[in-house]
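J.: Before I ask anything, let me first share the structure, which is written out below as structure tokens.
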Amino acid sequence: MSAHPDLDAAWASFFAEADRARTRRIADLFDDSDRAMHFSARALGMLFDYSKTHIDGAAREALLGLARAARVESMRDAMFSGARINGSEDRAVLHTALRNLSGVPVMLDGEDVMPGVLDTLERMKAFARDVRAGRFKGQGGAITDVINVGIGGSDLGPAMATRALTPFHDGPRCHFVSNVDSADLADVLDGLDPATTLVIIASKTFTTIETMTNAASILNWMSVSLADPAAQCVALSSATDLVAEFGIPPERVFGFEDWVGGRYSVWGPIGLSLMIAIGPKDFTEFLAGGAAMDTHFRTASLADNLPVLLALVGLWHHQGMSFQTRAVLPYEHRLARLPAYLQQLEMESNGKRAAQDGQSLPHGSGPIVWGEPGTNGQHAFFQLLHQGTEIVPCEFMIGAEGYEPDLAHHHRLLVANCLAQSEALMTGRSLSDAREIAASMGFSGDKLMAQAEQRVFEGNRPSTTLAYPRLTPRVLGQILALYEHRVFVEGVILGLNSFDQWGVELGKELAKRLEPLVAGKAPPEDMNQSTGLLAAYLRAPK
Ligand code: F6P
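To convert, note that position 66 of the sequence shown is 65 in numbering that gives the first Met the number 0; the numbers rise steadily by one, no gaps.
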């Protein structure tokens, strides 16, 4: 007898609905002339349209039943109330406190965490203002360039958001170094003046090998011409003891607590480079957008709740329809790094095989997430999206307006392309239409059939579209918090802990053990012969 009969029953209805949906044509669902209205939701000025999916009324009821049976709402409330829902690390999950501008306390173990959060935020703002105004100087004058040295969550959030908010960037130039590959560092340092460069060492643990190696090399680069390189360094970390050992004085350390996961950390000190780029006022707008999405997530009914709907559509496609991947396709060039950011957010959070209690997950983990901005992707991999034998649910994103009024016709083309893709994926092109096209090109007989078949689009390929007015700091905050909560809801329903990342550890351990071998020293005894062969080649390629 299962310990969760309601949940088992909800999964059974979910799978029954998915089975029914397999033979359904999405386009036929639009016989309901109100379908677009009924299968879309609006919140905070954004529109989420999921009508171009196989989900009908009964399927949606089954999905909502799954959310109820998995107790999504009480798990959500537990997260916001500081419960230690990150079981394997025995931690609370309170990154939402970093964007809590409401004045309402956030309690953890009987203590309000907000005074500490707000104090750090005020210190960040004061420092960012000093850098932007030239009051904080490098050894050669006002800061012209900022390098954020970090990786994973200590890089992707600020790097993605700084690029996304280019129209708001009026502070010093910002650069991001993440890879231990010296090419990354060399290309960033090329042309920079150490005397006017601020170095932000961003690492929650302050032990990550890539970041510590890059930071040490940057300090070496600075020390060639500067008397005191550390005077131009800032640390963002929760390991304040390690930062002190490193030699950065407390006034230039911005700390955060272990209840902020790396991939959820852009809202706090890890966002310092973004704050220096766009200024404290716009950074506060970004936080306000995230906070507004938190309120929506906490108060909207399940059926109108954007993060819940995104999560349910995700489960429907991966667990229900067995589509292995999903593509995130922002028709917003400045969101070029969003797919990479979401890959960490989604796959590091929900790419797991075991449940919180160690049992195998009954319905698998989250999907593979990938993507590129449109329209570029259209001229690369959209061929497969339209005619390949794998079906990839597509998540389009598009703003009503851009930032280049003199180039408004570009934006019109962008919007038209975005809408055309979701329409084409769904409607496709029939064999008879393809035959007509081939005939009009002068083909006949067997050649006509061969040509026609290659012009057939099966269609019936699902997509969703998230539309928003314009990519402002507030809207970006809304979108990121939307995806964070989507990941959380999917994780709750799948029964996993979205907030640990044990899967990254093994590779790190092995890299440490293999480093001596790469340097030409003795191989570890248990090393596989393939690894040995590769190491030998890489030491002496011939
Ligand atoms: O290796 C994975 C990871 O731990 C991520 O979860 C994290 O965002 C990244 O490394 C960087 O970690 P840190 O901020 O501690 O350097």
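All C-beta atoms, glycine included, are put in the ideal place defined by N, C-alpha and C.
To which residues of the same chain is Leu273 closer than 6 Å at the C-beta, ignoring the five residues directly before and after it?
T.: For the purposes of this step, residue 273 is taken as the residue at position 274 of the sequence shown. Same-chain partners within the cutoff: Pro157, Ala160, Thr161.
J.: Just to check, is the beta-carbon of Glu347 closer than 8 Å to a non-hydrogen atom of the ligand F6P?
T.: Numbered from 1 along the sequence shown, position 348 holds the residue referred to as residue 347. Answer for Glu347: yes, Cβ within range of the ligand F6P.
J.: Do you know offhand how far Ser237's Cα is from Ser39's?
T.: The count along the sequence shown starts at 1 and reaches residue 237 at position 238. The count along the sequence shown starts at 1 and reaches residue 39 at position 40. Going from the Cα of Ser237 to the Cα of Ser39 covers about 41 Å.
J.: Between the C-alpha atoms of Glu171 and Gly365, what's the straight-line distance to the nearest angstrom?
T.: Sequence index remark: in the sequence shown, residue 171 carries index 172 (1-based). Sequence index remark: in the sequence shown, residue 365 carries index 366 (1-based). Per the sequence presented here, residue 171 reads as Pro, with Glu not at that position. Just so you know, the alpha carbons of Pro171 and Gly365 end up roughly 39 Å apart.
J.: Which whole runs of the beta strand (DSSP E) in the stretch 373-400 are 3 residues long or more, in chain order?
T.: Counting whole runs of 3 or more residues, the stretch 373-400 contains the beta strand (DSSP E) stretches 393-398.
J.: Please classify Arg199: does DSSP put it in a helix, a strand, or coil?
T.: Stepping through the sequence shown from its first residue, residue 199 is reached at position 200. Note that residue 199 is Ile in the sequence shown, not Arg. In the structure shown, Ile199 sits in a strand (DSSP, three-state: E or B).
J.: If we ignore side chains and look at the alpha-carbon of each, how far apart do Gly441 and Ser429 end up?
T.: Translated into positions along the sequence shown, residue 441 becomes position 442. Translated into positions along the sequence shown, residue 429 becomes position 430. Pairing Gly441 with Ser429, the inter-Cα distance amounts to about 19 Å.
J.: Identify the residues that DSSP records as bridge partners of Arg41: which are they?
T.: Position 42 of the sequence shown, counted from the start, is the residue given in the question as residue 41. BP columns for Arg41 point to Leu46.
J.: Heavy atom of the ligand F6P less than 8 Å from the Cβ of Val92, yes or no?
T.: Here residue 92 refers to the residue found at position 93 when the sequence shown is read from its first residue. Outside the cutoff, so no.
J.: Quick check: Val327 and Trp266, are their CB atoms within less than 9 Å of each other?
T.: By 1-based counting over the sequence shown, the position of residue 327 is 328. By 1-based counting over the sequence shown, the position of residue 266 is 267. Against a cut-off of 9 Å, the Cβ pair of Trp266 and Val327 comes out as no contact.
J.: For Val223 and Ser181, what's the separation of their Cα atoms in angstroms?
T.: Working through the sequence shown from its first residue, we reach residue 223 at position 224. Working through the sequence shown from its first residue, we reach residue 181 at position 182. Using only the alpha carbons, I get a separation of about 18 Å.
J.: Locate the beta strand (DSSP E) running through Ile146, then write down its first and last residues.
T.: For the purposes of this step, residue 146 is taken as residue 147 along the sequence shown, with counting starting at 1. Ile146 -> beta strand (DSSP E) spans 144-148.
J.: Gly519: buried (16+ other C-beta within 10 angstroms of its C-beta) or exposed?
T.: The residue you call residue 519 lines up with position 520 of the sequence shown. The residue is exposed, with fewer than 16 neighbouring Cβ atoms inside 10 Å.
J.: Do you know offhand how far Ala521's Cα is from Gln343's?
T.: Counted from its first residue, the sequence shown places residue 521 at position 522. Counted from its first residue, the sequence shown places residue 343 at position 344. In a straight line, the C-alpha of Ala521 is about 35 Å away from that of Gln343.
J.: For a test of the three-state rule: what should DSSP assign to Ser462, helix, strand or coil?
T.: Mapped onto the sequence shown, residue 462 falls at position 463. Strand, per DSSP.
J.: Would you say the beta carbon of Leu43 is closer than 8 Å to some non-hydrogen atom of the ligand FAD?
T.: Inclusion of the ligand FAD in the displayed structure is not the case, the ligand content consisting of the ligand F6P alone.
J.: From Ala96 to Gly115, what distance separates their C-alpha atoms?
T.: The sequence position of residue 96 within the sequence shown is 97, counting from 1. The sequence position of residue 115 within the sequence shown is 116, counting from 1. Between Ala96 and Gly115, the C-alpha separation is close to 10 Å.
J.: Would the beta-carbon of Val503 be found less than 8 Å away from any heavy atom of the ligand F6P?
T.: If you number the sequence shown from 1, residue 503 lands on position 504. Relative to the ligand F6P, Val503 has its C-beta within less than 8 Å of a heavy atom.
J.: Do three or more CB pairs link the stretch 268-288 to the stretch 113-133 at distances below 8 Å?
T.: yes
J.: I need the straight-line Cα distance from Lys51 to Trp315, nearest angstrom please.
T.: For this step, residue 51 is matched to residue 52 along the sequence shown. For this step, residue 315 is matched to residue 316 along the sequence shown. Rounded to whole angstroms, Lys51 to Trp315 spans 13 Å at the Cα level.
J.: Taking DSSP as the reference, what is the three-state secondary structure of Tyr536?
T.: In the sequence shown, counting from the first residue as 1, residue 536 sits at position 537. Helix, per DSSP.
J.: Pull up the DSSP beta-bridge partners for Cys553, would you.
T.: Summary: the structure shown does not reach residue 553, with the chain confined to residues 0 through 541, and so no result is reported for it.
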